[in-house]
Amino acid sequence: MIDPYRIRKDFPMFENHIKMQGHDLVFLDNASTTFKPFAVIKAEEEYLTRFTSNTHRGDYDLCFANDSKVAEARHVVGHFINALDKEIVFTSGTTMSINFIALGYAAKYLTKDDEILLTLAEHASNILPWYKVSEMTGCKINFIPLTKEGRLTAENLKKVISNKTKIVAVAQVTNVLGFVNDIKEIAKVAHEYGALLACDGAQSVPHMKVDVKDLDVDFLSFSGHKLCGPTGIGVLYGKYELLEKMDPVLSGGGNNVKFETDVSVKYLPAPAKLEAGTLNIQGIYGLVAAIKYLEEIGMENIEDLEKNNRKYAISLLKHIPDLVIYNEDAESGIITFNMKGVFAQDLATYLNSKGIACRSGQHCAKLLHHFTGELATVRMSMYFYTTKEDIDALANALKNGGNFLDAYFA
Ligand SMILES: Cc1ncc(COP(=O)(O)O)c(C=O)c1O
């Protein structure tokens, strides 16, 4: 088992963060973004101080060094998720990756007779790009029913999928309810109907071993900043034949072989075709360092620690009077709750007064209230550097029930 207390020494934020209301920070907003270890900071600094140059666009050693770094990055990311190097496209993050699939693939191939299946638990970034496809092609958007608990299951997918379904776009781990979906089974059902499975891995790839070949997903999207890497860098994985079929959403330098005055363009093969413009090279340095750092710790160890922390947190939180937990049985480090009679944002503001960083509101899953009936919730989300003391701090702050706020109407 890894020791989060030792691991914290790798993260300068634990030493250097600003005080929150005079308190040391208890950071429980890791589903939103994560802290960066020295290794990532050093890698980015290396680019800035020793290797600054563009890629592909020069005939000198510095450029070659960065070309090699990008090639290495594709290999490191590919190895991390068991994909081929050429199946890795660098984007700015999950949002951009899903937009690429939606606008570059779905908008090209879907028609008004087709359907895309989503769930009510998806993040805005896995809903709005598909709405755009619907607007552009006339295709239907439908929703796979969730179980009573809020899970996506292959059984429920079977109830709604048909030969009209062309894309099933779902998260492997949802960002509010935090359930780990059985993506392998979901992909199997999707494929039986000839549909593609576009998996939103924003909340899964940072926390567990994800193997695209084993899951047999057609696309996988994730963000660097949620796995200890920098903001502004992310990944789109796609089966190579699908990347080849995609149109570039962004066009410009670096993605073409030639173009002519008659408006003809010959694009480079994927992934370059999908990476127009200067890459976030600094971000790529950081991403590689982040993935190597996680691999050194071990994804299985990260998953185990988070599961243990979750068990511990639930054991404390479930006994707190008036605390309603929406996902007691979820498997991830995300726990979502409300205090009866207290508005979620007031609760999060109260927690802030104790130095505890949690998120409140809709967490970008703005259709989920159709399922939970709650317009706002508070979400605590852990990572492998979360300690029992962090969890204790949250439980202690909450333990007086709703009595800490005047707005309590029990
Ligand atoms: C499930 C899920 N999908 C997509 C996103 C969007 O990620 P990004 O803002 O890094 O593009 C998030 C971010 O919280 C998320 O949790």
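FYI, in this note's numbering the residues of the sequence shown are 1 to 410. Yeah, the Cβ is synthetic: ideal placement off N, Cα and C, and Gly gets one too.
Taking 7 Å as the cut-off, is the CB of residue i close to at least one heavy atom of ligand 3?
| i | result |
| --- | --- |
| residue 95 | This structure lacks ligand 3; its bound ligands are ligand 1. |
What is the DSSP secondary structure of residue i, reduced to helix, strand or coil?
| i | result |
| --- | --- |
| residue 115 | strand |
| residue 62 | helix |
| residue 29 | strand |
| residue 191 | helix |
| residue 142 | strand |
| residue 4 | helix |
| residue 165 | strand |
| residue 186 | helix |
| residue 411 | There is no way to answer for residue 411, as the model of the chain reaches only from 1 to 410. |
| residue 382 | coil |
| residue 198 | strand |
| residue 323 | strand |
| residue 170 | strand |
| residue 180 | strand |
Can you have a look at residue i and say buried or exposed, based on whether 16 or more other CB atoms are within 10 angstroms of its CB?
| i | result |
| --- | --- |
| residue 218 | buried |
| residue 18 | exposed |
| residue 278 | exposed |
| residue 200 | buried |
| residue 37 | buried |
| residue 261 | exposed |
| residue 151 | buried |
| residue 363 | buried |
| residue 147 | exposed |
| residue 306 | buried |
| residue 420 | Beyond the ends of the chain as shown, which are 1 and 410, falls residue 420; an answer cannot be given. |
| residue 396 | exposed |
| residue 5 | exposed |
| residue 66 | buried |
| residue 50 | exposed |
| residue 210 | buried |
| residue 74 | buried |
| residue 104 | buried |
| residue 457 | Residue coverage of the chain in this structure runs from 1 to 410, which leaves residue 457 outside it and unanswerable. |
| residue 126 | buried |
| residue 60 | exposed |
| residue 204 | buried |
| residue 393 | buried |
| residue 259 | exposed |
Leaving out the 5 sequence neighbours to the left and right, which residues in its chain are closer than 7 Å to residue i when beta-carbon positions are compared?
| i | result |
| --- | --- |
| residue 355 | 20, 21, 23, 24, 25 and 26 |
| residue 208 | 299 and 303 |
| residue 326 | 177, 336, 337, 372 and 377 |
| residue 273 | 248, 255 and 267 |
| residue 352 | 20 and 21 |
Below 8 Å on the Cβ atoms is my guess for residue i versus residue j; work out the distance and round it to an integer in Å.
| i | j | result |
| --- | --- | --- |
| residue 345 | residue 360 | 5 Å |
| residue 291 | residue 80 | 5 Å |
| residue 237 | residue 215 | Residue 237 to residue 215, Cβ: 11 Å. No contact. |
| residue 118 | residue 170 | 7 Å |
| residue 381 | residue 124 | In fact, because the Cβ distance is near 17 Å, the residues do not count as touching under 8 Å. |
| residue 330 | residue 121 | With a Cβ gap of about 11 Å, residue 330 and residue 121 do not count as contacting. |
| residue 172 | residue 160 | Contact doesn't hold; Cβ gap of about 19 Å is too wide. |
| residue 268 | residue 256 | 6 Å |
| residue 247 | residue 132 | That belief does not hold up - the Cβ atoms of residue 247 and residue 132 are roughly 14 Å apart, past 8 Å. |
Closer than 8 Å by C-beta to residue i: which residues in its own chain qualify, once you throw out the five before and the five after it? Chain order, please.
| i | result |
| --- | --- |
| residue 164 | 113, 114, 115 and 140 |
| residue 314 | 325, 328 and 335 |
| residue 48 | 282 |
| residue 293 | 10, 37, 39, 40 and 228 |
| residue 414 | One cannot answer for residue 414 here, as it falls past the ends of the chain, which runs 1 to 410. |
| residue 213 | 82 and 83 |
With a threshold of 6 Å on Cβ separation, who are the neighbours of residue i within its own chain once the five nearest residues in sequence on each side are excluded?
| i | result |
| --- | --- |
| residue 409 | At residue 409, the pLDDT of 44 sits below 50, so the modelled position is not reliable; the number obtained from the coordinates is stated separately. So the list reads 341, once near-sequence residues are dropped. |
| residue 320 | 398 and 399 |
| residue 390 | 26 |
| residue 280 | 232 and 233 |
| residue 77 | 88 and 235 |
| residue 386 | 309 |
| residue 348 | 358, 360 and 378 |
| residue 101 | 198 and 219 |
| residue 206 | 226 and 227 |
| residue 13 | 35 |
| residue 95 | 125 |
| residue 85 | 74, 75 and 78 |
| residue 223 | 93, 94, 202 and 234 |
Suppose only complete runs of 4+ residues qualify. What are the alpha helix (DSSP H) ranges in the stretch 260-312, listed by chain order?
281-297
Go through the stretch 75-134 residue by residue and report every complete run of the alpha helix (DSSP H) that reaches 4 residues or more, in order.
94-101
Alpha helix (DSSP H) segments (min. 4 residues) lying fully within the stretch 327-379
344-353 and 369-372
Quick check for students: name the residue ranges of the beta strand (DSSP E) that lie wholly in the stretch 204-260, counting only runs of 3 or more.
219-223, 234-238 and 256-259
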